[in-house]
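With UniProt numbering as the guide, the letters of the sequence shown map in order to residues 1 to 381. What follows is a set of notes on a single structure, which appears directly below.
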Amino acid sequence: PLSSLSIENSADFSVPKTNNYSQAITSINNHEPLTAIDNIRNMTCSSPMRHQNTNLTVLDVYDEAALIGKDFERIIDAYGTETIRDLVPKVIRVLELLELQAAKNERDADEYLEMKTRIVRLETEKNETRELREKFDRELELIEEQWRKEADNLVILVSKLQDENRRLRDELERNSDLHNKSDLTNSIETISITREELLCIKNLTEENIKLKRILKGKDKELTQKTLDIEAVQAQLERMCKANCTLRQKNTFSTNQSQRLMVEKLDLEVKLKEKENYINQIKDRVGDELSSPISPINPIDNVESLEDTQPKFTLEELRQVLWERNELKTKLMEVEEELRMFKDQEHDDDYDVNAPVQGPIPLEPEEKLNGYKRDESKIRQL
Numbered sequence: 001p002l003s004s005l006s007i008e009n010s011a012d013f014s015v016p017k018t019n020n021y022s023q024a025i026t027s028i029n030n031h032e033p034l035t036a037i038d039n040i041r042n043m044t045c046s047s048p049m050r051h052q053n054t055n056l057t058v059l060d061v062y063d064e065a066a067l068i069g070k071d072f073e074r075i076i077d078a079y080g081t082e083t084i085r086d087l088v089p090k091v092i093r094v095l096e097l098l099e100l101q102a103a104k105n106e107r108d109a110d111e112y113l114e115m116k117t118r119i120v121r122l123e124t125e126k127n128e129t130r131e132l133r134e135k136f137d138r139e140l141e142l143i144e145e146q147w148r149k150e151a152d153n154l155v156i157l158v159s160k161l162q163d164e165n166r167r168l169r170d171e172l173e174r175n176s177d178l179h180n181k182s183d184l185t186n187s188i189e190t191i192s193i194t195r196e197e198l199l200c201i202k203n204l205t206e207e208n209i210k211l212k213r214i215l216k217g218k219d220k221e222l223t224q225k226t227l228d229i230e231a232v233q234a235q236l237e238r239m240c241k242a243n244c245t246l247r248q249k250n251t252f253s254t255n256q257s258q259r260l261m262v263e264k265l266d267l268e269v270k271l272k273e274k275e276n277y278i279n280q281i282k283d284r285v286g287d288e289l290s291s292p293i294s295p296i297n298p299i300d301n302v303e304s305l306e307d308t309q310p311k312f313t314l315e316e317l318r319q320v321l322w323e324r325n326e327l328k329t330k331l332m333e334v335e336e337e338l339r340m341f342k343d344q345e346h347d348d349d350y351d352v353n354a355p356v357q358g359p360i361p362l363e364p365e366e367k368l369n370g371y372k373r374d375e376s377k378i379r380q381l
């Protein structure tokens with residue numbers, strides 16, 4: 001049930017805890033001035049998360065956790081660790097819930113952008129297919145209109161020829177006895193006209209067949225274009241899935257690199273402190289060994305020996321040297337691991353820019369095996 005809380009509720013839930021805690025400190029430590037408690041309350045309640053909870057990210061949660069940790073350090077310095085022993089686990093739990101919610105928001109935002117891009121692409125393909133279909137329909141209508149006009153012209157021509165044939169037949173019947181020779185000539189002309197009509201009809205029939213073949217070719221071309229569009233769409237979907245997988249790997253590598261860089265800086269700081277500590281010990285021991293012992297006054301001599309006596313035992317010096325060597329070893333390991341992650345990130349970038357070759361996985365591992373998130377950094381911060 002806690003994982004289903006919104007960011008606003010989580011942010012509002014953390015503020016009353018801080019106020020109750022401040023009231024408890026006020027009731028326990030009445031002898032302390034109210035200005036210090038007010039300053040602590042202002043520091044803990046001035047988080048920008050309350051104003052930016054809609055665009056909350058994991059890094060924002062980490063920043064808030066670091067600020068809360070610093071505030072806890074101030075409270076511990078002022079009142080001791082017992083005052084916040086019960087409050088720290090609750091605050092950590094709330095920050096972990098915020099971390100989970102922020103990670104979910106990031107995944108939802110990536111999925112939203114991916115779906116939006118896919119919708120735009122599908123709309124574009126749909127418009128292109130519709131335009132192609134409309135163009136094909138217009139061409140088909142033009143062809144049908146042309147064929148219809150030619151068929152009408154042929155019908156009119158056949159009708160005229162039939163009328164002419166009837167007229168000639170009537171004339172032939174009237175003048176059969178008087179003009180035999182002229183009738184024979186008219187019959188030959190009629191036969192020739194009939195042959196021309198048949199030739200014209202044959203040509204029109206061949207042209208009609210040719211237009212039907214062109215129409216079938218257009219249908220086949222449209223079917224092939226549709227298949228090509230579907231193939232390109234499937235390839236784009238595979239590319240989107242591969243891009244999503246590479247983006248998740250890149251995010252994981254980036255987070256791991258940031259964590260290693262933070263650990264490296266901490267180890268370098270600790271190593272520097274240990275080296276300064278060792279140098280101070282060496283300087284102090286050298287000064288003590290090089291300082292002369294005055295035998296004039298025994299009492300002063302004893303006091304000077306007590307003042308110049310080494311402050312650190314041999315066991316403490318060995319412990320400091322051992323800690324320094326251990327920090328150096330850890331620093332070398334962290335640098336090596338950071339270098340490996342940088343090389344891996346460089347290889348991933350090269351793979352993204354390279355052309356896609358070979359089989360592409362059907363589904364990313366996060367969808368098949370569930371999203372596995374590394375251990376929370378809230379407790380470390």
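Just so you know, even glycine gets a beta-carbon here, dropped at the ideal spot from N, CA and C.
- Between the region 162 to 171 and the region 245 to 253, the count of C-beta pairs closer than 8 Å stays below three; the two stretches do not touch.
- For residue 55, no alpha helix (DSSP H) encloses it, and the DSSP letter there is neither H nor E.
- A direct Cα-Cα distance of roughly 24 Å separates residue 216 from residue 127.
- Contact fails between the region 102 to 118 and the region 216 to 226, because fewer than three Cβ pairs, one in each stretch, are under 8 Å apart.
- Taking C-beta atoms under 8 Å as the contact rule, residue 275 and residue 324 qualify, at a distance of about 7 Å.
- Here residue 91 is buried: its Cβ has 16 or more other Cβ atoms, across all protein chains shown, within 10 Å.
- Note that the C-beta distance between residue 330 and residue 267 is below 9 Å.
- No Cβ-Cβ contact shorter than 9 Å links residue 161 with residue 206.
- Here residue 283 is exposed. Its C-beta has fewer than 16 other C-beta atoms within 10 Å.
- The C-alpha of residue 136 lies about 12 Å from the C-alpha of residue 144.
- Every alpha helix (DSSP H) stretch that sits fully inside the UniProt domain "RH1" (44 to 132) and reaches 4 residues is listed by chain position as 58 to 79.
- About 6 Å separates the CB atoms of residue 264 and residue 335; that is less than 8 Å, so the two are in contact.
- Residue 279 sits in a helix when the DSSP states are folded into three classes.
- In terms of Cβ geometry, residue 87 and residue 56 do not form a close pair [threshold 9 Å].
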